[in-house]
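Novice: If you use the working numbering, the sequence shown corresponds to residues 4 to 221, in order. Every residue, glycine too, gets a C-beta built ideally from N, C-alpha and C.
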Amino acid sequence: MNKWRCLKGALLFLIFFASTTVSVAGELQTIKLPAPDKKGGRPLMQVLNERRTSREFSTRELPEQVISNILWAAFGINRPASGKRTAPSAVNWQEIDIYLASREGVYLYDPGEHSLEPYMEEDIREHTGRQKFTSVAPVNLIYVADHRRMKGTDDQQKIFYSAADTGFISQNVYLYCASEGLATVVIGAVDKKALEKVMALEPHRKVILTQTVGYPPR
Ligand SMILES: Cc1cc2nc3c(=O)[nH]c(=O)nc-3n(C[C@H](O)[C@H](O)[C@H](O)COP(=O)(O)O)c2cc1C
């Protein structure tokens, strides 16, 4: 009888331990990205010759170094003294935030720390576009404008400038992908209201475009 109780106790402990381990492992953590590789890449004119939209993706995950390079190329800080970035922004508002949606969940890119901060622990890739490939590719970038940072202008201008600024960022990603043989597509056909709701974004944060990135299928 005692032996049976002991065994039962050990079993319960094991179940409890396993479940807590799983839930801890499931929590998103800050990812301090490796420094971007600024010496890599092919000559600009060759890259422009290769730049294209691709809509077929492998499910293969992108290594952290590649994610680091993509985000820095997109809108990283390239002049630390002034905090200015790899893409221009009207009035230097720097109003575009990049969220990264992956299988594990959603992260927010912090350019100052060059890190990914946990945002939500849910796979929302299917909401980042209406086309099936968004759920196949490992990464979908979500470009979100913070209208509060755009001081001294009206709503119409905010919409115009945040769209223009996102264009520069997404082109940087296109060029990096062309240089590295990655597949990418920028997406306007996304239910922005639905995505803003899924992400529980405050009303002054607006989804502008999304962009799928991954390896081409083998
Ligand atoms: C603002 C914008 C929105 C776009 N939206 C989508 C989209 O929702 N889905 C898609 O498959 N491609 C989308 N594209 C990609 C275009 O279809 C693509 O750039 C165009 O066909 C030209 O092809 P290329 O990029 O290979 O030159 C978009 C491109 C831009 C610039």
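Consult DSSP for Tyr218 and reduce its assignment to one of helix, strand or coil.
Specialist: Indexing the sequence shown from 1 puts residue 218 at position 215. Here Tyr218 sits in coil by DSSP.
Novice: On the three-state DSSP scale, how would you describe Ser118?
Specialist: Numbered from its first residue, the sequence shown carries residue 118 at position 115. Of the three classes helix, strand and coil, the one that applies to Ser118 here is strand, per DSSP.
Novice: Could you check if Met48 is buried or exposed, using at least 16 other CB atoms within 10 Å of its CB as the buried criterion?
Specialist: Taking the first residue of the sequence shown as position 1, residue 48 is located at position 45. That one is exposed.
Novice: Which of the three DSSP states is assigned to Met4 in this structure?
Specialist: By one-based count along the sequence shown, residue 4 stands at place 1. Reliability of the predicted coordinates at Met4 is poor, the pLDDT of 44 falling under 50, and no value is obtained from them.
Novice: For the beta strand (DSSP E) containing Ile80, list its first residue and its last residue.
Specialist: Residue numbering aside, residue 80 sits at position 77 when the sequence shown is read from its first letter. Counting along the chain, the beta strand (DSSP E) containing Ile80 begins and ends at Ile80 to Arg82.
Novice: What is the DSSP secondary structure of Ile127, reduced to helix, strand or coil?
Specialist: In the sequence shown, counting from the first residue as 1, residue 127 sits at position 124. DSSP places Ile127 in coil when its eight states are reduced to three.
Novice: Is the beta carbon of Trp75 sitting closer than 8 Å to the one on Pro46?
Specialist: The sequence position of residue 75 within the sequence shown is 72, counting from 1. The sequence position of residue 46 within the sequence shown is 43, counting from 1. No, these two residues do not count as a Cβ contact at 8 Å.
Novice: Got a sec? Which residues, its chain only, sit under 6 Å from Ala181 by beta carbon, not counting five neighbours each side?
Specialist: Numbered from its first residue, the sequence shown carries residue 181 at position 178. Cβ within range, chain order: Val50, Glu53 and Arg54.
Novice: Identify whether Val201 lies in helix, strand or coil by the three-state DSSP scheme.
Specialist: Counted from its first residue, the sequence shown places residue 201 at position 198. Helix.
Novice: May I have the straight-line CA-CA distance separating Ser92 from Glu125, to the nearest angstrom?
Specialist: Sequence index remark: in the sequence shown, residue 92 carries index 89 (1-based). Sequence index remark: in the sequence shown, residue 125 carries index 122 (1-based). The straight-line gap from Cα to Cα measures roughly 30 Å.
Novice: So is the beta-carbon of Arg45 under 7 Å away from any non-hydrogen atom of ligand 1?
Specialist: As a first step, residue 45 is located in the sequence shown; it is residue number 42 there, counting from the start. Not so, every heavy atom of ligand 1 lies at least 7 Å from the Cβ.
Novice: To the nearest angstrom, how far is the alpha carbon of Lys161 from that of Gly43?
Specialist: Residue 161 sits at position 158 when you count from the first residue of the sequence shown. Residue 43 sits at position 40 when you count from the first residue of the sequence shown. C-alpha separation (whole angstroms): 35 Å.
Novice: So what's Asp194 in DSSP terms, helix, strand or just coil?
Specialist: The residue given as residue 194 occupies position 191 in the sequence shown. Residue state, collapsed to three classes: coil.
Novice: Please work out which residues of its chain come closer than 7 Å, Cβ to Cβ, to Trp96, disregarding the five sequence neighbours upstream and downstream, and give them in chain order.
Specialist: Stepping through the sequence shown from its first residue, residue 96 is reached at position 93. Closer than 7 Å at the Cβ level, and outside the excluded window around Trp96, lie Arg152 and Met153.
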